[in-house]
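Taking my numbering, I'd label the letters of the sequence shown as residues 749 to 866.
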Amino acid sequence: MSEPATQAANATDRTPIDVEAVRQAAGSVLDPEIRRSLASMDLLDDVEVSADGSAVVRYHLTSPLCPSRFAIDIGREVRRQVLAVEGVTAATVHISDHFLGDELEREVNGDPLPEPSP
Numbered sequence: 749m750s751e752p753a754t755q756a757a758n759a760t761d762r763t764p765i766d767v768e769a770v771r772q773a774a775g776s777v778l779d780p781e782i783r784r785s786l787a788s789m790d791l792l793d794d795v796e797v798s799a800d801g802s803a804v805v806r807y808h809l810t811s812p813l814c815p816s817r818f819a820i821d822i823g824r825e826v827r828r829q830v831l832a833v834e835g836v837t838a839a840t841v842h843i844s845d846h847f848l849g850d851e852l853e854r855e856v857n858g859d860p861l862p863e864p865s866p
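Now the structure itself:
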């Protein structure tokens, strides 16, 4: 089999990513102020995973006026946890209903992903 044919076969043989594993990874992230997980506070809005391994997570914060620093820290940690799920090749995080949502998303989804704060 030629190299391009092998690559195409490998792309179609990709093991499907467990959407629930992605949801659990994103949901495990703690709000740094409240110290509870996003899942326990029902803040995850949607999780999608494409066949190519890219994941999209939508979540909202406890307040549309949540401090930007918390929003960025939470979003980066969601992205970091989702990227750690086996098979995920890319992750995009969307922050719903925040007055600075677009600006925060640019910060959260920028590359490279910085190391977590201690």
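Where is the CB? At the ideal position from N, CA and C, for every residue including glycine.
Burial state of D821, where buried means 16 or more other Cβ atoms lie within 10 Å: buried
Buried/exposed call for V767, threshold 16 Cβ in 10 Å: exposed
With 16 other Cβ atoms within 10 Å as the buried cut-off, status of A799: exposed
For V805 and A839, believed in contact at Cβ under 8 Å, the rounded distance: 7 Å
Exposure of E825, with buried meaning 16 or more beta-carbon neighbours within 10 Å: buried
heavy atom of the ligand GDP below 6 Å from V833 C-beta: The model on display carries no ligand, and the ligand GDP is accordingly not part of it.
Alpha-carbon to alpha-carbon, R828 and L792: 16 Å
Terminal residues of the alpha helix (DSSP H) in which S787 lies: Note on residue identity: the sequence assigns Ala, not Ser, to residue 787. First-last for A787: undefined, no H or E at that position.
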